[in-house]
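Residue numbers (my numbering): 3 to 152.
Structure (C-alpha cells):
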C-alpha cells in the first residue's frame, strides 16, 4: 500500500432489468354471467381482469378467446368480451369460453387461462306452436255450462 493511503468515493448506479418470471393472474379462475338472447351484436358480456407482477413489456397483457362458435369476441387490450352475432336461446342455452392472458415477454410470453360460463336468458320471442292441426273433440250434450272437456 501507498503512503499515505489514498481513497476516493463515487456513485454507482445499478439498473436491474426485469426478467419475465411472472405469469398473468386472473382475479378468478372461473367467471359466470348471463345475457338475454335479444342482446344486439356488440353488447358487453363481461370484463375479465388479470394482472402481471412484471414491469415494462413483460407486464403488458394481451387477451385471446376460444370457444363460443364465433358468437363472442374479446378486446385484446382490455379483456372486454362482447357478442359478435345475435344469440338464440332456443338454439343454444349456454357457452363455455376460454380466455387466455399472455404477457409481452420476449421471445415467448407467459400465459394463463380462465373459463367463462355464459348463460343465454330466454325471452318470450316465439309464438305458441301447435304440433297437430286440427284438434278435434266431441262434446256430449250432457256437459254442464262452464264444464271443460278436451
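We put the CB at the ideal spot given by N, CA and C, even for glycine.
Predicted model, so just to flag it, every value in this text is computed and none were measured.
> Does the separation of the CB atoms of residue 74 and residue 84 fall below 8 angstroms?
Replying inline: Contact flag set, yes.
>> In this structure, how does DSSP classify residue 60 when only helix, strand and coil are distinguished?
In response: helix
> My guess is that residue 46 and residue 98 are in contact by the Cβ rule of under 8 angstroms, so how many angstroms apart are they, rounded?
Replying inline: Contact flag wrong, Cβ pair sits at about 19 angstroms.
> So, are the CB atoms of residue 89 and residue 122 less than 8 angstroms apart?
Replying inline: Result yes, Cβ atoms of residue 89 and residue 122 sit closer than 8 angstroms.
> What residue ranges within the segment 9 to 94 form continuous beta strand (DSSP E) runs of no fewer than 3 residues, ordered along the chain?
Replying inline: Fully contained in the segment 9 to 94 are the following beta strand (DSSP E) runs of length 3 or more, in chain order: 32 to 38, 46 to 49, 63 to 68, 74 to 76, 82 to 85.
> Is the segment 26 to 40 touching the segment 114 to 132 in the sense that three or more CB pairs, one from each, lie closer than 8 angstroms?
Replying inline: yes
> In terms of residue numbering, what span does the beta strand (DSSP E) encompassing residue 105 cover?
Replying inline: 96 to 105
> Is residue 143 helix, strand or coil when you go by DSSP?
Replying inline: coil
> Which residue's Cα is closest to the Cα of residue 91: 139, 126, 76?
Replying inline: 126
> Roughly how many angstroms separate the alpha carbons of residue 25 and residue 112, rounded to a whole number?
Replying inline: 5 angstroms
> If we ignore side chains and look at the alpha-carbon of each, how far apart do residue 28 and residue 137 end up?
Replying inline: 57 angstroms
>> Please state the DSSP three-state secondary structure of residue 114.
In response: strand
> residue 96 to residue 65, Cα distance in whole Å?
Replying inline: 22 angstroms
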